[in-house]
Amino acid sequence: DSGVTQTPKHLITATGQRVTLRCSPRSGDLSVYWYQQSLDQGLQFLIQYYNGEERAKGNILERFSAQQFPDLHSELNLSSLELGDSALYFCASSVGWTIRETQYFGPGTRLLVL
Amino acid sequence: GESVGLHLPTLSVQEGDNSIINCAYSNSASDYFIWYKQESGKGPQFIIDIRSNMDKRQGQRVTVLLNKTVKHLSLQIAATQPGDSAVYFCAENYGQNFVFGPGTRLSVLP
């Protein structure tokens, strides 16, 4: 158990809908990262937040957005969902701001878009 | 458990043997690399990292080798155990982005 929690574990929705994925980092960690893992594109870094501020951005679509709240939990919002958004979404956390710190991954949220 | 990449290359090794997992990275400007292990139904787990000013780094039962000339990274696992069965990913970092390799499935035979 990494100490990172993600909810929900599974999510089934329809195309065009909007969903919110939630992540609670390990106690004491200030950075939260979001990743997408799909069968065709593998694991992709989406975005990093550090202490409430966006720190680094990867291959995140404009339809997706994230934020980190004062209590350090983070939410990833996915809108106008398409079939291709079906994937595992992982959250990870680390202590500091640098992207090169050891990241601890949560168990993931499996999203299925029908 | 959930499948991660149904068509991943697979490496099968006998329990107790050494494993070598290879990764070709894409960007010659990448200067930091990580190996992750992902077991079925779980998130990736950090194994070991290496910076581009090093050629080799050792951990507990694992060694990472970096060849910048040919943009190649390898992970060596000594005395492979059944618990090592998983998908292994390399990741390269340049700037503020991480790029992950497709992964290799390691299967440990009894």
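As you go down the protein sequences, you meet chains P and F in turn.
1 is the number of the first residue of the first sequence in the working numbering; add one for each residue after it.
1 is the number of the first residue of the second sequence in the working numbering; add one for each residue after it.
Glycine included, each C-beta is placed from N, C-alpha and C at the ideal position.
All values reported here derive from a predicted model rather than from experimental measurement.
- Task: Would you verify that the beta carbon of threonine 102 of chain P is, or is not, closer than 8 Å to some beta carbon of chain F?
- Result: Here residue 102 of chain P is taken as the residue at index 102 of the first sequence, counted from 1. Yes, threonine 102 of chain P counts as interfacial toward chain F.
- Show which residues of chain P have a CB atom less than 7 Å away from the CB atom of lysine 42 of chain F. Taking the first residue of the second sequence as position 1, residue 42 of chain F is located at position 42. Residues of chain P passing the Cβ test: Pro107.
- Residues in the stretch 80-101 of chain P with C-beta within 9 Å of chain F's C-beta atoms, listed in sequence order? Leu88, Phe90, Cys91, Ala92, Ile99 and Arg100
- The beta strand (DSSP E) spanning glutamine 6 of chain P covers which residue range? Looking up residue 6 of chain P in the first sequence gives position 6. It spans 5-7 - the beta strand (DSSP E) in which glutamine 6 of chain P sits, taken as one unbroken run.
- Residues near cysteine 90 of chain F in its chain [Cβ-Cβ closer than 6 Å; skip 5 each side]: Locating residue 90 of chain F in the second sequence gives position 90, where the first residue counts as 1. Answer for cysteine 90 of chain F: Cys23, Trp35, Leu73 and Gly101, listed in chain order.
- Task: Report the rounded CA-to-CA distance for glutamate 82 of chain P versus glutamine 37 of chain P, giving the unit in angstroms.
- Result: In the first sequence, counting from the first residue as 1, residue 82 of chain P sits at position 82. In the first sequence, counting from the first residue as 1, residue 37 of chain P sits at position 37. Distance between the alpha carbons of glutamate 82 of chain P and glutamine 37 of chain P is about 15 Å.
- Message: Beta-carbon within less than 8 Å of serine 52 of chain F's beta-carbon, same chain only, minus the 5 sequence neighbours each way: which residues are those?
- Response: As a working note, residue 52 of chain F is residue 52 in the second sequence. The residues are Ser30, Asp31, Tyr32, Phe33, Leu66 and Lys68.
- Query: Taking the C-alpha atoms as reference points, what is the distance between glutamine 60 of chain F and phenylalanine 46 of chain F?
  - Reply: By one-based count along the second sequence, residue 60 of chain F stands at place 60. By one-based count along the second sequence, residue 46 of chain F stands at place 46. Spanning the two alpha carbons is a distance of roughly 13 Å.
- With 9 Å as the limit, tell me which residues of the stretch 26-51 of chain F have their beta carbon closer than that to any beta carbon of chain P; keep them in chain order. Tyr32, Ile34, Tyr36, Gln38, Gly41, Lys42, Gly43, Pro44, Gln45, Phe46, Asp49 and Arg51
- Residue environment, glutamate 15 of chain F, which counts as buried when at least 16 other CB atoms sit within 10 Å: Against the second sequence, residue 15 of chain F aligns to sequence position 15. Flag for glutamate 15 of chain F reads exposed.
- Starting from the Cα of tyrosine 88 of chain F, find the closest Cα among F:Leu109, F:Asp17 and F:Gly43 and give me that residue. Within the second sequence, the letter at position 88 stands for residue 88 of chain F. Nearest option by C-alpha distance: F:Gly43.
- Message: Just to confirm the assignment, what range does the beta strand (DSSP E) spanning isoleucine 47 of chain F have?
- Response: Numbered from 1 along the second sequence, position 47 holds the residue referred to as residue 47 of chain F. Taken as a continuous stretch (DSSP letters only), the beta strand (DSSP E) holding isoleucine 47 of chain F covers 45-51.
- So is serine 56 of chain F buried or exposed if we call it buried at 16+ other beta carbons inside 10 Å? Position 56 of the second sequence, counting from 1, holds the residue named residue 56 of chain F. Correcting the residue type first, residue 56 of chain F is lysine in the shown sequence and not serine. When all chains shown are included, lysine 56 of chain F counts as exposed.
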